[in-house]
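Here the structure is laid out as structure tokens; the discussion comes afterwards.
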Ligand SMILES: Nc1ncnc2c1ncn2[C@@H]1O[C@@H]2COP(=O)(O)O[C@H]3[C@@H](O)[C@H](n4cnc5c(N)ncnc54)O[C@@H]3COP(=O)(O)O[C@H]2[C@H]1O
Ligand SMILES: Nc1ncnc2c1ncn2[C@@H]1O[C@@H]2COP(=O)(O)O[C@H]3[C@@H](O)[C@H](n4cnc5c(N)ncnc54)O[C@@H]3COP(=O)(O)O[C@H]2[C@H]1O
């Protein structure tokens, strides 16, 4: 069996389901998102709209960037702006049904995680580098043990 | 050849040298670190002391956590505190000479990156998940092409 087949067997368990993912909504005030990101400590999280579709990604740096004014560091933007005003709107996401394993791995070269959506764009969960590396670690131990040369 | 050997050939190029790494010093005021982290956009960076040894890791969340007071979000801590007052001091780091490839991969399961140091603890650069995944991606293409079954 090829490496690809060994990983394919394990890949069903890669998805971290939506229920375990920290997120914010696009219409939340920045104040709320600042608190969420400070407390959950994940560096970048998905942004969902009212229909649970993934519409952006958000990190603390996108928020603190608005706090840097000419004079000083200001907290005023936290009350004035919403998540949708600062979030990253250009990002990779995948539909498990349509995306091959090779395509997933290729995207994980430049993305620490990939939001997974269904055919209607509704958020299903995250595919993370950690899950992939765990599987690779397992596979190379298994493979090298049986096929050592 | 085993997967391990194929990766070992490429692993010389994994280290991102210290000259290309964004960092802060442990005695910098938080104000400075806040600006650095907001501008470079890396989510977590190494903290070095005067002797260029890695003494901690720093993210924006460690700084914003100090800004959450009972009343409101305050910028006062940015002037009052230093990087060493909030940085993460418990973290994994590796010495390339001493660490096997398996040990590196195992550590990358729970670490997005690993600071690399020499025998005196002086910062050499970072080993990142991105570099590992690029190598794995290359190796599986090569391996499966030659040893398909
Ligand atoms: N609370 C925690 N418990 C245990 N380990 C933790 C952790 N927070 C971070 N890590 C470790 O640090 C890595 C980088 O986390 P980061 O938050 O920068 O980057 C994360 C974050 O942006 C996002 N992410 C992961 N899990 C998430 C969740 N439950 N909710 C929201 N975003 C998540 O996916 C990125 C990659 O995650 P990955 O698991 O591959 O890699 C994680 C994981 O290995
Ligand atoms: N300016 C940029 N240009 C291109 N791609 C970018 C980028 N900033 C982030 N990325 C992509 O996002 C991933 C996660 O970045 P993050 O800053 O959360 O997490 C980073 C950051 O905490 C640290 N890191 C990487 N390069 C660094 C550098 N030059 N200076 C300081 N820290 C660095 O190592 C972690 C893992 O990095 P890795 O390369 O595996 O994975 C990176 C990379 O694939």
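Protein chains in written order, with the working numbering: chain A, 1 to 149; chain B, 1001 to 1149.
Don't be surprised by glycine CBs; every beta carbon is placed ideally from N, CA and C.
The closest heavy atom of ligand 1 lies less than 7 Å from the beta carbon of residue 128 of chain A. Straight through space, the alpha carbons of residue 1034 of chain B and residue 1078 of chain B are spaced by roughly 8 Å.
Residue pairing of residue 59 of chain A in beta bridges, as defined by DSSP: A/44. At least 8 Å separates the CB of residue 92 of chain A from every CB of chain B. B/1129 is the residue among B/1129, B/1141, B/1029 whose C-alpha sits nearest the C-alpha of residue 1016 of chain B.
Under DSSP, residue 128 of chain A takes part in a beta bridge, and its partners are A/113.
Residues of the segment 1100-1118 of chain B with a C-beta less than 9 Å from any C-beta of chain A: 1102, 1105, 1106, 1108, 1109, 1110, 1112, listed in chain order. Every alpha helix (DSSP H) stretch that sits fully inside the segment 51-96 of chain A and reaches 4 residues is listed by chain position as 60-67, 76-80, 83-86. Check the Cα spacing between residue 106 of chain A and each of B/1089, B/1037, B/1139: the tightest is with B/1139. For residue 1025 of chain B, DSSP records a beta bridge to B/1048. Interface criterion met: the Cβ of residue 130 of chain A is under 8 Å from a Cβ in chain B. Taking all protein chains shown into account, residue 1100 of chain B has fewer than 16 neighbouring C-beta atoms within 10 Å of its C-beta and is therefore exposed. Residue contact with chain A for residue 1060 of chain B: present (Cβ-Cβ distance below 8 Å to some residue of chain A).
DSSP places residue 1014 of chain B in the coil class of the three-state scheme, outside both helix and strand. Not one heavy atom of ligand 2 is found less than 7 Å from the C-beta of residue 1135 of chain B.
Relative to ligand 1, residue 113 of chain A has its C-beta within less than 7 Å of a heavy atom. The beta carbon of residue 36 of chain A sits closer than 6 Å to those of 24, all from its chain and outside the five residues before and after it, given in chain order. Residue 90 of chain A has its CB no nearer than 7 Å to any heavy atom of ligand 2. Taking a contact as a CB-CB distance under 8 Å, the pair residue 1089 of chain B and residue 1056 of chain B counts as one, their CB atoms being some 5 Å apart.
Secondary-structure assignment with DSSP links residue 1139 of chain B through no beta bridge to anything. Taking the Cα positions, residue 1073 of chain B is about 53 Å away from residue 1142 of chain B. A Cβ-Cβ contact shorter than 8 Å links residue 75 of chain A with residue 1075 of chain B.
Checking the 7 Å criterion, the Cβ of residue 1033 of chain B is out of range of every heavy atom belonging to ligand 2. If you ignore the 5 residues before and after residue 1067 of chain B, its C-beta comes within less than 7 Å of the C-beta of 1073, 1074, 1075, 1077, all in its own chain and listed in chain order.
When CB distances to chain B are screened at a threshold of 9 Å, not a single residue of the segment 13-28 of chain A falls below it.
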